[in-house]
Structures are given as structure tokens and as C-alpha cells.
Amino acid sequence: MQMAAIAQKIGLPEERVAQIAQMIRQNGMADAQMGAMMGMALSKGVQPQEIFSMLTSLGVSASQVIRVMHAQGVMDDEEAERRLADERAAAERRAAAEAKQGRKNFCKKAAIIVFWLVVWEIADRIADNRLILAGPLRTLEALSEQVVQLDFWVICGASFGRITLGFLLSFVVGFLVALAACRVRLVRDFVDPIMSLLRTIPVVSFIIMLLIWVGNQALTVFLAFFIVLPIIYTNMVTGFESVDRQMLEMARVYGLSRWRTFLYVYRPAFMPFLMSSAKLSLGMSWKSGIMAEVLATPKPSIGKEMSTARTFLDTPDLFAWTVVVMVLSAVFEKLFMEVLKLANRPLGGLIGKKGRGDE
Numbered sequence: 001m002q003m004a005a006i007a008q009k010i011g012l013p014e015e016r017v018a019q020i021a022q023m024i025r026q027n028g029m030a031d032a033q034m035g036a037m038m039g040m041a042l043s044k045g046v047q048p049q050e051i052f053s054m055l056t057s058l059g060v061s062a063s064q065v066i067r068v069m070h071a072q073g074v075m076d077d078e079e080a081e082r083r084l085a086d087e088r089a090a091a092e093r094r095a096a097a098e099a100k101q102g103r104k105n106f107c108k109k110a111a112i113i114v115f116w117l118v119v120w121e122i123a124d125r126i127a128d129n130r131l132i133l134a135g136p137l138r139t140l141e142a143l144s145e146q147v148v149q150l151d152f153w154v155i156c157g158a159s160f161g162r163i164t165l166g167f168l169l170s171f172v173v174g175f176l177v178a179l180a181a182c183r184v185r186l187v188r189d190f191v192d193p194i195m196s197l198l199r200t201i202p203v204v205s206f207i208i209m210l211l212i213w214v215g216n217q218a219l220t221v222f223l224a225f226f227i228v229l230p231i232i233y234t235n236m237v238t239g240f241e242s243v244d245r246q247m248l249e250m251a252r253v254y255g256l257s258r259w260r261t262f263l264y265v266y267r268p269a270f271m272p273f274l275m276s277s278a279k280l281s282l283g284m285s286w287k288s289g290i291m292a293e294v295l296a297t298p299k300p301s302i303g304k305e306m307s308t309a310r311t312f313l314d315t316p317d318l319f320a321w322t323v324v325v326m327v328l329s330a331v332f333e334k335l336f337m338e339v340l341k342l343a344n345r346p347l348g349g350l351i352g353k354k355g356r357g358d359e
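Mapped onto full-length UniProt numbering, the consecutive letters of the sequence shown carry residue numbers 1 to 359.
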């Protein structure tokens, strides 16, 4: 059902209906709220089937609509059971189709990876010089020799800890400074030039200056911090500024506390910007962090091991540590993005519950 038709049925402006649909898709809807909406619609003469179509068009799941309609007495037991069975069957068909497509995509990606591994190995056999190139078999052999040693895990943990600390510090500071800059104009006037300066300074210059100021052991943390900070700040300022002013007005009219306004109005607006900036800066933090370790060679660190492999022209070892960096970066990115996805999940179940901010 189109938004215009829904607006005409329930007697609300089309813009208001679109705002309601946006909030439902982002935060979900509690059963109590839905029951109240059904009562209002029924009082205006809207038929149950039309209510079902309207709510599903607004983004509510069909199973939730059926459950609430049954609880409100709009739908009898037999019809509710039949509709739920149909919905479950449709969901199973969709899940089966998605699983089939997922298997196809996996096989396609696996075939592409195997193809390039074969090309890589053939190039290594043709070159036949371990000083120039190490194929996947030689790299795997070098990696297997490293993995069984305790020092390997200590080195990986040290580099992982330094880069993660620098990234998390920049993530938190960038978020808080962007929030302050959007609320206080004077803060933004002072901070914007600093962020522009950080974006323009070459990474090598950063490394040399920080090496003088903080030494080789702390260099990785500070470099990851300063490289990521302007990315997080810029994206978060854009995210905070993208908040719909009409949604803020609605929150004020309905008496939402500051905490709930942040959860239900600000959070859906800035989370896409936060997730995109995190995905971009995660890779940059690892690249810059490893670069800093290669030049500063702190002990223990992956960068020091790569620098040693370069000195002794041990190409298989260099490739093996490169693979380790790629794996650690991918694992950290996956874990962090999953956390952000949890933070971006709908919070409709919290609507209607009194919290400290409402007391």
C-alpha cells in the first residue's frame, strides 16, 4: 500500500506517515504501540485487512501484525493460526532461496580465490627464485614454521594490541569531539582546522615526528590514532548534521528524554556514517600501524619481523608475515563491525519502558 493511501485512510499527513515508517524500520515497534494504532484505525472505519496491509507496508513484520491482531481480538484463533502457518512457510521458502544463493556466491568466490592462488604458484615456479617471489606453498611452509613457536603469538598479540588501542582511542575521541563540535559552534571553529591539518600531513612526516616525540614503542599507537581521528570526526559531523529536524520536533512534542532522543532520532541518522567511517579507517589503521612498526622496529612486533626478513632477503618469511597481518586485520574488522551492527539493531522493544532519563 502506498504512503498516500495510508495517509488518506488514517487521516494523517503523508509526510508524517513517512516519518512513522522510517522510525519503525529503524527501531521496530512495540506490541502495545501497534495495538494502539490498530484501535485508532478501527475507530476511523479501517478494515482489518487494510490495517494488515498498512502495517506491513510501514515495515512491521507480518508475524508481529498477526500476533497483535489476534491479541486485540481483531483476528480469531483459526485465521491467526492459518496466517502464521502461511507466513512461516513463506519465510522458509525465502530462507531456502537465500541459502541457495549464498552457496552459489561462496562457490564463486572460492573458485576465484583458487584461480589466483594457482596463478601465484605458477608465477613462483616460472621465476624459480625465492629472493624475488614466494608462492603460496613456500609462504605456507614459512608460516607453519612460525605458528608453532610461542614468540609468534607474542609478536601477533603485541602488534594487535598497539594498533587496536590506537584505533579505539581515535574512534572514541573522534565521536565525542564531533558531538561537541555539532553542539557548540566555537568548538567546531577550533577543531576543524586541526582535522584538516591532520588529513594533509604525509604519513612519513607523521612517523618521523612521532618517532622523535614518543619513541619507537608508542609510535604505532599514536600513528594509528592520528591517521584515523580525522576520518571518524568528519564522518560523525556529517552524521550528526543529517538528523531530520522534523524528527527532533516530534521527539520534543512527545516528550522524549534526551537519552531516548539520542537512541531513536540521532542514532539511526549517524550509524550509517559511523559504520562506513569505521570500515574505511580499520584498514588504514592496520596499514599505517604496520608501516610504523617496520620503520621503528619496536620489540616485539610484526613490523620488526618484516624488517628483519627484508634485511636478510627472506621473501617467504616476508610473505608469511604479510598474510598474518591480513588475517588479523580481517578478524578485527569482522568483530568490530559485528559490534556496530548490534549497536545499530532496532530498539522498538524499549519503547514504552520507563528509564532513568524519563524520571
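We put the CB at the ideal spot given by N, CA and C, even for glycine.
Practice prompt. Would you mind working out which of 104, 87 and 31 sits nearest residue 68, comparing C-alpha positions?
Written response: As a working note, residue 68 is residue 68 in the sequence shown. Among 104, 87 and 31, the Cα nearest to that of residue 68 belongs to 31.
Item to complete: Could you name the residues of the same chain whose beta carbon sits closer than 6 Å to that of residue 134, not counting the 5 residues immediately before and after it, in chain order?
Response: Locating residue 134 in the sequence shown gives position 134, where the first residue counts as 1. Closer than 6 Å at Cβ, skipping near neighbours: 315, 316 and 319.
Fill in: Cβ-Cβ distance between residue 124 and residue 138 below 8 Å
The residue given as residue 124 occupies position 124 in the sequence shown. The residue given as residue 138 occupies position 138 in the sequence shown. Contact: yes.
Worksheet item: Where do the ends of the alpha helix (DSSP H) carrying residue 247 lie?
Response: Your numbering for residue 247 matches position 247 in the sequence shown. Note, residue 247: alpha helix (DSSP H), 245-253.
Discussion item. I'd like the span of the alpha helix (DSSP H) that includes residue 122, first residue to last.
Written reply: Locating residue 122 in the sequence shown gives position 122, where the first residue counts as 1. It spans 77-127 - the alpha helix (DSSP H) in which residue 122 sits, taken as one unbroken run.
Practice prompt. Run the CB neighbour count on residue 162, radius 10 Å, all protein chains shown included, and call it buried at 16 or more, exposed below.
Written response: What you label residue 162 is simply residue 162 of the sequence shown in a count that begins at 1. Buried: at least 16 other Cβ atoms inside 10 Å.
Worksheet item: With 16 other CB atoms within 10 Å as the buried threshold, where does residue 82 fall?
Response: On the sequence shown, residue 82 is found 82 positions in, with the first residue counted as 1. With fewer than 16 other Cβ atoms within 10 Å, it is exposed.
Item to complete: Over the uninterrupted alpha helix (DSSP H) stretch that includes residue 151, give me the two end residues.
Response: Stepping through the sequence shown from its first residue, residue 151 is reached at position 151. That run of the alpha helix (DSSP H) goes 150-183.
Worksheet item: Exposed or buried, which one is residue 342 when buried takes at least 16 other CB atoms within 10 Å?
Response: Residue mapping note: residue 342 aligns to position 342 of the sequence shown, counting from 1. Exposed: under 16 other Cβ atoms inside 10 Å.
Item to complete: Could you check the C-alpha separation between residue 248 and residue 40 for me, to the nearest Å?
Response: Within the sequence shown, the letter at position 248 stands for residue 248. Within the sequence shown, the letter at position 40 stands for residue 40. In a straight line, the C-alpha of residue 248 is about 24 Å away from that of residue 40.
Worksheet item: CA-CA distance, residue 147 and residue 300?
Response: Against the sequence shown, residue 147 aligns to sequence position 147. Against the sequence shown, residue 300 aligns to sequence position 300. So the alpha carbons of these two residues sit roughly 15 Å apart.
Worksheet entry | Distance, residue 65 Cα to residue 57 Cα | Here residue 57 is taken as the residue at index 57 of the sequence shown, counted from 1. Here residue 65 is taken as the residue at index 65 of the sequence shown, counted from 1. For residue 57 and residue 65, the distance between alpha carbons rounds to 11 Å.
Worksheet item: Taking 8 Å as the CB-CB limit, is residue 231 close to chain B?
Response: In the displayed structure, chain B is absent; only one protein chain is listed.
Worksheet entry | Distance between residue 154 and residue 164 (C-alpha atoms, nearest Å) | Locating residue 164 in the sequence shown gives position 164, where the first residue counts as 1. Locating residue 154 in the sequence shown gives position 154, where the first residue counts as 1. Looking at the two C-alpha atoms, the distance is approximately 15 Å.
Worksheet item: Excluding five sequence neighbours on each side, which residues of the same chain lie with their C-beta closer than 7 Å to the C-beta of residue 356?
Response: Taking the sequence shown and counting its residues from 1, the one referred to as residue 356 is at position 356. Residue confidence is low: residue 356 scores 40 on pLDDT, short of 50, so the model does not pin down where it sits. No coordinate-derived value is stated.
Worksheet item: Taking buried to mean at least 16 other C-beta atoms within 10 Å of its own C-beta, is residue 207 buried or exposed?
Response: Here residue 207 is taken as the residue at index 207 of the sequence shown, counted from 1. It counts as buried.
Worksheet item: Taking just the CA atoms, how far does residue 194 sit from residue 187?
Response: Within the sequence shown, residue 187 is the residue found at index 187, counting from 1. Within the sequence shown, residue 194 is the residue found at index 194, counting from 1. Cα-Cα distance, rounded: 11 Å.
Worksheet entry | Straight-line gap, residue 86 to residue 36 (C-alpha atoms, nearest Å) | Looking up residue 86 in the sequence shown gives position 86. Looking up residue 36 in the sequence shown gives position 36. Straight-line Cα distance between these residues: approximately 26 Å.
Worksheet item: Hey, residue 235 and residue 170 are a contact pair by Cβ (cut 8 Å); roughly how many whole angstroms apart?
Response: As a first step, residue 235 is located in the sequence shown; it is residue number 235 there, counting from the start. As a first step, residue 170 is located in the sequence shown; it is residue number 170 there, counting from the start. Between residue 235 and residue 170 the beta-carbon gap is near 12 Å, outside 8 Å, which marks them as no contact.
Worksheet entry | Alpha carbon of residue 120 to alpha carbon of residue 113, nearest angstrom | By one-based count along the sequence shown, residue 120 stands at place 120. By one-based count along the sequence shown, residue 113 stands at place 113. Residue 120 and residue 113 have their C-alpha atoms roughly 11 Å apart.
Worksheet item: Run through DSSP, which three-state label would residue 130 get?
Response: Translated into positions along the sequence shown, residue 130 becomes position 130. Three-state DSSP puts residue 130 in coil, outside helix and strand.
Discussion item. Rounded to whole angstroms, what is the Cα-Cα separation between residue 89 and residue 142?
Written reply: By one-based count along the sequence shown, residue 89 stands at place 89. By one-based count along the sequence shown, residue 142 stands at place 142. Taking the straight line joining both Cα atoms gives about 51 Å.
Item to complete: Would you mind sorting residue 304 into buried or exposed? The rule is 16 or more other CB atoms within 10 Å of its CB.
Response: Position 304 of the sequence shown holds residue 304. Flag for residue 304 reads buried.
Discussion item. Count Cβ pairs between the segment 209-218 and the segment 251-261 that sit closer than 8 Å; are there 3 or more?
Written reply: Too few Cβ pairs lie closer than 8 Å, so no.
Worksheet entry | Host alpha helix (DSSP H) of residue 61 (start-end) | Start at 1 with the first residue of the sequence shown, and residue 61 comes out as number 61. First-last for residue 61: undefined, no H or E at that position.
Worksheet entry | Alpha carbon of residue 84 to alpha carbon of residue 70, nearest angstrom | For the purposes of this step, residue 84 is taken as residue 84 along the sequence shown, with counting starting at 1. For the purposes of this step, residue 70 is taken as residue 70 along the sequence shown, with counting starting at 1. Straight-line Cα distance between these residues: approximately 11 Å.
Worksheet item: Run through DSSP, which three-state label would residue 314 get?
Response: The residue you call residue 314 lines up with position 314 of the sequence shown. Residue 314: coil per DSSP, three-state reduction.
Worksheet item: Does the beta-carbon of residue 286 have 16 or more other beta-carbons within 10 angstroms, so that it is buried, or is it exposed?
Response: What you label residue 286 is simply residue 286 of the sequence shown in a count that begins at 1. Counting Cβ neighbours within 10 Å, residue 286 comes out buried, since at least 16 surround it.
Fill in: Exposure of residue 156, with buried meaning 16 or more beta-carbon neighbours within 10 Å
Walking along the sequence shown from the start, residue 156 turns up at place 156. Result: buried.
Discussion item. Suppose you measure from the CA of residue 273 to the CA of residue 238; what does that come to, to the nearest Å?
Written reply: Taking the sequence shown and counting its residues from 1, the one referred to as residue 273 is at position 273. Taking the sequence shown and counting its residues from 1, the one referred to as residue 238 is at position 238. Using only the alpha carbons, I get a separation of about 7 Å.
Fill in: Cβ-based burial, residue 227 [other Cβ within 10 Å; buried from 16]
By one-based count along the sequence shown, residue 227 stands at place 227. Buried.
Fill in: Contacting residues, own chain, Cβ-Cβ under 6 Å from residue 291 (five flanking each side not counted)
Residue numbering aside, residue 291 sits at position 291 when the sequence shown is read from its first letter. Cβ-Cβ distances below 6 Å link residue 291 to nothing in the same chain once the five nearest sequence neighbours on each side are left out.
Worksheet entry | Beta-carbon proximity of residue 166 to residue 59, cut-off 8 Å | Locating residue 166 in the sequence shown gives position 166, counting from the first residue. Locating residue 59 in the sequence shown gives position 59, counting from the first residue. Their beta carbons are not under 8 Å apart, which means residue 166 does not touch residue 59 by this criterion.
Fill in: Assumed close pair residue 231, residue 280 - CB separation to whole angstroms, cut-off 8 Å
Counting from one through the sequence shown, the residue named residue 231 turns up at place 231. Counting from one through the sequence shown, the residue named residue 280 turns up at place 280. Contact flag correct, Cβ pair sits at about 6 Å.
Discussion item. For residue 352, which residues in the same chain have their Cβ closer than 6 Å to its Cβ, ignoring the five residues on either side in sequence?
Written reply: The count along the sequence shown starts at 1 and reaches residue 352 at position 352. Only weak support exists for where residue 352 lies, its pLDDT of 44 falling under 50; the value from the coordinates is given anyway. Excluding residues within five positions, the ones whose Cβ falls inside 6 Å are 30 and 32.
Fill in: Exposure of residue 181, with buried meaning 16 or more beta-carbon neighbours within 10 Å
Within the sequence shown, the letter at position 181 stands for residue 181. So residue 181 ends up on the buried side.
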